[in-house]
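Data block below; observations after.
Number of protein chains: 2
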Amino acid sequence: MDWRDLPSLNALKAFCVLADCGSYTRAGAILNVTHAAVQQQVKALESHIGLRLVERSGRKLALTSDGQQLARDLEPAFWQISQGVRTLMQASRRQPLRVTMSPVFAVKWLMPRLSDFQARYPDVTLLLNPSGRKLDLEKDDMDIALRYARRDALPDGAEFLVSLDLAVVGTPELIASAPTKRPADLQDLPWLEELGTNEVADWFERHGVDVSASLTVTQMPGNLIMEAVMRSDGLTYTACQWVEEALRENRLQALFVEPQIGGFYVHCRAGEPRSAARQFIAWLQEQAG
Amino acid sequence: MDWRDLPSLNALKAFCVLADCGSYTRAGAILNVTHAAVQQQVKALESHIGLRLVERSGRKLALTSDGQQLARDLEPAFWQISQGVRTLMQASRRQPLRVTMSPVFAVKWLMPRLSDFQARYPDVTLLLNPSGRKLDLEKDDMDIALRYARRDALPDGAEFLVSLDLAVVGTPELIASAPTKRPADLQDLPWLEELGTNEVADWFERHGVDVSASLTVTQMPGNLIMEAVMRSDGLTYTACQWVEEALRENRLQALFVEPQIGGFYVHCRAGEPRSAARQFIAWLQEQAG
DNA sequence: CGCAAATGTAAGATTATCTAACATATGGAT
DNA sequence: ATCCATATGTTAGATAATCTTACATTTGCG
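Protein chains in written order, with the numbering used here: chain S, 161 to 449; chain Y, 161 to 449.
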């Protein structure tokens, strides 16, 4: 295959359209360019090949016999290319964009805004996967992940989205039931944390408290924790933003607030080519910023 | 046919070559560009289609199933295009370049230089047609004409080549046989001119001589004229350059020399696309200049 | 482990391509 | 016939696509 002295493929395309419709002006309209562009392309093609392909007779154009022969070869070839590309593009459009995130982020931040996205990009189908488990983009076949991280530990390639103030949260009653001046004071109170995580012990460690001593931590599914906290079953460590309303109404209190210590970032699978992914990420950033 | 959202054909070409050879670096070499160019084109194509087409596993590349499907469509299409173009280009190369000119120009100017052209462009076949008749480029199917014109009457689109000094020419014997001070003196001498032309009468008219009175003009084929002039059969009107040697050796004399009054120009058929034509014309200009 | 040989990325340079503006040509309407 | 609407043809300069350069990253091999 002699790829090197192939003429400009755009010129071939222009000629093929011209052959189809028999007019520079109309061919230009079809290709969304001016007649002059088509005419220059065709001229360049004639010059590359070394034969006249088009002839003028009056106001009409006609292909020379060489031009007709070339058009006979080009038309099916371009048709085949067009079909092949179209098939893949349709397949691509049918695939929804798969997004994974923690359930609390889905409920508190993403879902309330989602109707705006769907109004602006009605063609994009989102497939949300709220999951406590941190899914792997490649292995679990996800396109985009929205995850929590501390500010100082953003993974590579992540784009920061929403800043969060983390704090220890409990009912005023529970907090009043014991001293809460220093972090160490809290180790005698009951704690609740998400199944499979180690947030509470980490928190004490970061605050210089040795928790090798007794520490009552009950693990439960994330969606049940706030209910239990509200019943004064224990303290938990969470973002003030997720319990904003309860804090405002004094149904909950926040202790040892760490402002903007971390937040949610967006992570996109490497090399994701779909424009829908770019659109969704840009929309997330707009909503966040 | 949806010509408008076809992806960049160059990107498709790059992908097709990549699919062929399985390496950005090699594909770049084949297309005579860097690996980075290929890789950007393929990435742009993935982004246009919205699907990944290529995957890296270690140092090797592999097409995704979508990529394989696309390559299956593209390869025969590009092959067909390539064949169609190649066929026409070969046909074009086989056609010789048809050049018409006056016989004297062929003999005195072109032929002596022709071996230089053929040495430099051995691929170009010239078909020379020396002809007294002024052929029509279109009707007589000629590509290039080399013709005489006065400087002040160059036809449109003509490129001037060689400047000529025109003069009345005759043997010293003939010229000595009568007064030759003023143009009018010459009207009593015998004249020779090319068949079918009117050069002599025109010359007298330009010099303000009324030749409605007797004027002896013998018309004959151009190639016989100089022989007859040498035999003192008459005067003729010609370019000093064509009889340079005879003038130098005083076998002929020139009267009323009009320096640089006209010359030969080259005229190419409108829209001639062959590079051979451009090469020949450039060579003519170089030889002339 | 360090090197060689790939791929990946981004900024800036280079080309190809297009537009705008005007000239020319043609066929039909007045 | 002459004018006008509608084509094509041509060019300089603007715009956009494409490529290169230079560097980073990844991977397999000795």
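Beta carbons are placed, not taken as given, at the ideal position from N, Cα and C, and that holds for glycine.
Residue i (DSSP reduced to helix, strand or coil)
i	result
alanine 251(S)	helix
histidine 427(Y)	strand
tyrosine 281(S)	coil
glycine 108(S)	Chain S is shown only over 161 to 449; residue 108(S) falls outside these bounds and no answer can be derived.
alanine 327(S)	strand
leucine 452(Y)	Lying before the first or after the last residue shown, residue 452(Y) is absent from chain Y, which here runs from 161 to 449.
arginine 273(Y)	helix
threonine 378(S)	strand
valine 259(Y)	strand
glutamate 418(Y)	strand
arginine 342(Y)	coil
serine 337(S)	coil
asparagine 170(S)	helix
alanine 448(S)	helix
arginine 212(Y)	coil
serine 217(Y)	strand
arginine 311(S)	helix
glutamate 387(S)	helix
Residue i to residue j span [Cα, whole Å]
i	j	result
proline 236(S)	alanine 237(Y)	8 Å
histidine 195(Y)	valine 202(Y)	11 Å
leucine 407(Y)	aspartate 325(Y)	13 Å
glutamate 409(Y)	leucine 415(Y)	16 Å
alanine 327(S)	threonine 260(S)	25 Å
arginine 216(S)	tyrosine 184(S)	11 Å
serine 372(Y)	isoleucine 335(Y)	23 Å
arginine 429(S)	methionine 302(S)	8 Å
aspartate 165(S)	histidine 427(Y)	29 Å
glutamate 319(Y)	leucine 355(Y)	27 Å
alanine 187(S)	aspartate 180(Y)	33 Å
glutamate 365(Y)	leucine 395(Y)	16 Å
tryptophan 128(Y)	valine 214(S)	What is shown of chain Y runs 161 to 449, which leaves residue 128(Y) out entirely.
serine 242(Y)	glutamate 405(Y)	55 Å
aspartate 283(S)	proline 343(S)	50 Å
glutamate 353(S)	isoleucine 441(S)	30 Å
lysine 220(S)	alanine 189(S)	17 Å
alanine 399(S)	glycine 431(S)	32 Å
glycine 218(S)	glutamine 255(S)	52 Å
arginine 391(S)	threonine 247(S)	56 Å
leucine 297(S)	lysine 173(Y)	31 Å
glutamine 168(S)	tyrosine 281(Y)	What sits at residue 168(S) in the sequence shown is serine, not glutamine. For serine 168(S) and tyrosine 281(Y), the distance between alpha carbons rounds to 25 Å.
phenylalanine 265(Y)	aspartate 276(Y)	17 Å
alanine 437(Y)	methionine 271(Y)	17 Å
leucine 257(Y)	leucine 230(S)	22 Å
is_contact[residue i, chain Y] using C-beta, thresh 8 Å
i	result
tryptophan 269(S)	no
leucine 162(S)	In the sequence as displayed, the identity of residue 162(S) is aspartate instead of leucine. At least one chain Y Cβ lies under 8 Å of aspartate 162(S).
arginine 253(S)	yes
proline 272(S)	no
proline 350(S)	no
proline 236(S)	yes
proline 167(S)	yes
Chain S contact for residue i (CB, 8 Å cutoff)
i	result
leucine 230(Y)	yes
aspartate 345(Y)	no
proline 256(Y)	no
leucine 355(Y)	no
aspartate 233(Y)	yes
The ligand NAD heavy atom lying under 7 Å from the CB of residue i
i	result
valine 371(Y)	In terms of ligand content, the structure shown is empty, and the ligand NAD therefore cannot be addressed.
Query - Positions along the stretch 295 to 321 of chain S whose CB lies within less than 9 Å of some CB in chain Y - result: none
Query raised in the report: Does the stretch 208 to 215 of chain Y come within contact of the stretch 247 to 267 of chain S, defined as at least 3 CB pairs closer than 8 Å?
Result: yes
Requested in this report: Could you name the residues of the stretch 411 to 438 of chain Y whose beta carbon sits closer than 7 Å to any beta carbon of chain S, in the order they occur along the chain?
Outcome: Gly431, Pro433, Arg434 and Ser435
Report task. Would you list, in chain order, the members of the stretch 194 to 227 of chain S that have their beta-carbon closer than 7 Å to a beta-carbon of chain Y? Result -> Glu206, Ser207, Ile209, Gly210, Leu211, Arg212 and Asp226
Query raised in the report: Which of the residues in the stretch 238 to 251 of chain Y, read from start to end, lie with their CB under 9 Å from any CB of chain S?
Result: Phe238, Trp239, Gln240, Ile241, Ser242, Gln243, Gly244, Val245, Arg246, Thr247, Leu248, Met249 and Ala251
Query raised in the report: Any residues in the stretch 171 to 196 of chain Y with a beta carbon nearer than 8 Å to a beta carbon of chain S? Which ones, in chain order?
Result: Leu172, Lys173, Val177, Asp180, Ile190, Leu191 and Asn192
Query raised in the report: Quick one: any contact between the stretch 415 to 429 of chain Y and the stretch 326 to 346 of chain Y, if contact means 3 or more CB pairs under 8 Å?
Result: yes
Requested in this report: Would you check if the stretch 370 to 384 of chain S and the stretch 297 to 317 of chain S touch, i.e. whether three or more CB-CB distances between them fall below 8 Å?
Outcome: no
Query raised in the report: Pairing CB atoms from the stretch 287 to 294 of chain Y with CB atoms from the stretch 258 to 274 of chain Y, are three or more of them under 8 Å?
Result: yes
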